[in-house]
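Residue -8 is where the sequence shown starts when you use my numbering, and the numbers rise one by one after that. We put the CB at the ideal spot given by N, CA and C, even for glycine.
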Amino acid sequence: MVAAPAPPAFSAGFPRQVAIAPFVSLTKEDIGSTVAVLPRLLASRLMALAGADVLLLPSGGKTPEEAARDAKYPLLIQGTVAKLGKGYSIDTTVTDLSTGGSAGAFFAAAATEDDIIPQLGALSGEIAEKLFGVQGAVRAVHPPSAPAVPQAAAPVSPPPGAAAVAAPVAGAAAAPAPAPATPAAARPPALFSEGRMPTTIERIAQSDPVGDVLYHVAVGDVDGDGVPEIIATGERNVWYYKLKGTEIVPYPPTRLGRSASAQLLNVEIFDADGDGKPEIFVTELRSDRLYSFVLQNRNGVFEMVASDIPSYIVLLSDLDGKPVLAGQRTGFQEIFQRGVNLLEYRAGKVTEGKDLKLAMEDGIFGLNAFPAGKDGKYMYVDVDEHLRLLDASGKTVSKTKEYFARGFQRVERGQPSRGEVSPPQAWIRGRVVPIGREGGDLWLLTRQAEGAEVMKQLRSFSNSKIVVGKYEGDSFNVRVTSPPSAGLIMDAVPLAGEGGADPVVVAVVREETSGMMSEGRSRIVLYKFK
């Protein structure tokens, strides 16, 4: 990327109020969907980096200069995207409307269409530094080399965050712009501090081999000593580990075995009853029905404190101001019933609460709440293994073109129906976890694996990796990925904490001798973001 300020004098003393006009494509190629999101992306960056008061101007009607002056904004940013050899040139000009003169010009070069969004993200740091004197802004937003995910094929309503910059931000010009209307307590864990963009994900430690195929993992301080425990589940075993620095050691009794008729499907750690002692919620398919049981560490011993809860249980990262549990029951003939309900846990009992009105016949799996005001939104990896954002009524807001968190664990239930050779089945797909916010945009953690579509039912995958990206405007854009793993990454969760210098993610990785899913062993692996 080349960011070159033009010779005219810059001033770090401009008021932090800026209007941004729609960007214009000067190419014959169809890149309109990418160009359309650039103003929102630039707006969110300037809000996060400089606390700028940003107004996005509509297309049509008045000229950008007239519209900005009428709104009493002193600065106007206009941008174009043009063909540059085999790549693209992104050019932005800033006009000082009080004088009509130039306040600066900036440009960046992108090798491909997918590289345009990351390069503009870096360019915004240069703009924030030169216009508003935000020191270190360029470094803070310098993009990783990972390409952005292609935009959704059809226009969709922008999720919250875009709405936050579509109108003038109230308050003094130099004050930080407010995030979307979400209580502070409702924001996702700040794995990344505000305005900080990770550039690499490195594998830093791993456990000894585990003689099981591990599918799911959860992290939490279940014994209250201030040091996190790692709980992982295989097909029929719950495994206990302790994290000591970067050393992953077994936690006696190390393993809880379930009956041969059980199949473990998920694990979550959460202090659901608020007593300061986190519970471990484990879901299994047993006797052709979905059940969950609850473990709690008492004086160093894992005790089962509740069982036979008739729901598949997940932890929503945020909803209505606090993390909550949600569940889905077994269907009559199908594996999963359509309805999803919030759950309350008290005194060893789980009761169903609010119906979320999400009709998800293919299972809730890694469902997570999108912290976006009182109504909320939800995201998950859908049955076609695309990352999908739903509104509060369950309607699709956006869906990625790329595949994410492809399912590796098969669930079968019941007898084959007429004409079928096997029972109804579903693939348990991975989770997508909110891990921080930058301006009005949300950071997300998930995993990804490539695989030929013709081999989908055989679950032959490669190039497994940890993925960090952001919802920006109306799309999810990949920002940084880990190096491809030699084994398949089955699940990954962030280590609890408030935006440390180098945050850590815990993953379970299946080691294999080929690309096909076969019997094997696993390891628990630590990844560090830098």
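If we ignore side chains and look at the alpha-carbon of each, how far apart do A73 and F327 end up?
A straight-line Cα-Cα distance of about 49 Å links A73 and F327.
Which residues share a DSSP beta bridge with G92?
D87
For P485, which of helix, strand or coil comes out of DSSP?
strand
What's the gap between the Cα of V445 and the Cα of D279?
Caution applies to V445, whose pLDDT of 38 falls short of 50 and renders its modelled position unreliable; the model cannot decide the point.
Whose C-beta lies closer than 7 Å to the C-beta of A59 among residues of the same chain, with five residues either side of it excluded?
A10, L48, L67, L88
Give me, in chain order, the residues of the same chain whose beta-carbon lies closer than 7 Å to that of R514; leave out the 5 immediate sequence neighbours on both sides.
Q197, S198, P200, V201, V500, E502.
Looking only at its own chain, which residues have a Cβ that is under 7 Å from the Cβ of I221, when we skip the five neighbours before and after it?
Closer than 7 Å at the Cβ level, and outside the excluded window around I221, lie V208, V210, Y232, L234, I239, V497, I515.
So V273 and L286 are supposed to be a Cβ contact under 8 Å. How far apart are they, rounded?
With 8 Å as the limit, V273 and L286 qualify as a contact, their Cβ atoms being about 7 Å apart.
I'd like to confirm the pairing. Which residues does DSSP put opposite F467 in its beta bridges?
Y462, per the DSSP bridge assignment.
Just checking E20 against the ligand FAD - is the residue's beta carbon closer than 7 Å to any of the ligand's heavy atoms?
By its list of ligands, the structure shown contains no ligand whatsoever, and the ligand FAD lies outside what it can speak to.
Please classify M295: does DSSP put it in a helix, a strand, or coil?
strand
If we call anything under 8 Å between Cβ atoms a contact, is P414 one with R404?
R404 sits close to P414, with the two beta carbons spaced by under 8 Å.
Terminal residues of the alpha helix (DSSP H) in which I523 lies:
Because residue 523 is not part of the residues shown, which for the chain are -8 to 521, the question remains open.
Taking a contact to mean a Cβ-Cβ separation below 8 Å, would you say V372 touches F361 in this structure?
no
Close beta carbons around N288, own chain, < 6 Å, minus the five adjacent residues each side:
Around N288: V213, D214.
For S80, which option in N257, T86, P109 has the closest C-alpha, if you only look at C-alpha atoms?
Out of N257, T86, P109, P109 has the C-alpha closest to the C-alpha of S80.
Between the CA atoms of T387 and K268 - distance to the nearest angstrom
C-alpha of K268 to C-alpha of T387: approximately 37 Å in a straight line.
Considering just the uninterrupted stretch of the alpha helix (DSSP H) at V28, what are its terminal residues?
Per DSSP, V28 is one residue of the alpha helix (DSSP H) stretching across 23 to 41.
Have a look at K340, K456, G23, G478 and flag the residue whose alpha-carbon is nearest the alpha-carbon of T191.
Comparing Cα-Cα distances from T191 to each of K340, K456, G23, G478, the minimum goes to K456.
Since P244 is in the beta strand (DSSP E), which residue starts that stretch and which ends it?
Residues 238 to 248.
In chain order, what are the residue ranges of uninterrupted beta strand (DSSP E) at least 3 long that sit wholly in the stretch 315 to 383?
332 to 337, 340 to 346, 359 to 361, 368 to 372, 377 to 381
Per the DSSP calculation, S476 is bridged to which residue(s)?
S455
When you compare only the Cα positions, how much space is there between G52 and Y369?
Each residue's Cα considered, the two are about 35 Å apart.
Taking buried to mean at least 16 other C-beta atoms within 10 Å of its own C-beta, is I271 buried or exposed?
buried
Assign R337 to buried or exposed, taking buried as 16 or more other Cβ atoms, counted over all protein chains shown, within 10 Å of its Cβ.
exposed
Segments of 4+ residues assigned as alpha helix (DSSP H) that fall wholly inside the stretch 388 to 422:
none
Residue interval of the alpha helix (DSSP H) (run including R60):
Boundaries of the alpha helix (DSSP H) around R60: 55 to 61.
According to the neighbour-count rule (16 or more other Cβ atoms, all chains shown, within 10 Å of its Cβ), is L307 buried or exposed?
buried
Just to confirm my understanding: we take R249, look at its own chain, exclude 5 residues before and 5 after, and list those with CB closer than 6 Å. What are they?
Cβ neighbours of R249 beyond the five flanking positions: R227.
Where P109 sits in the DSSP three-state scheme:
helix
What is the DSSP secondary structure of E226, reduced to helix, strand or coil?
In the structure shown, E226 sits in coil (DSSP, three-state: anything other than H, G, I, E or B).
Helix, strand or coil for E20? Go by DSSP, reduced to three states.
In this structure, E20 counts as coil in the three-state DSSP scheme.
Whose CA, out of A251, N290, L205, lies closest to the CA of P243?
N290
Can you tell me whether DSSP reads S198 as helix, strand or coil?
coil
Distance between N468 and S476 (C-alpha atoms, nearest Å)
21 Å
Per-residue DSSP class, three states only, for K235
strand
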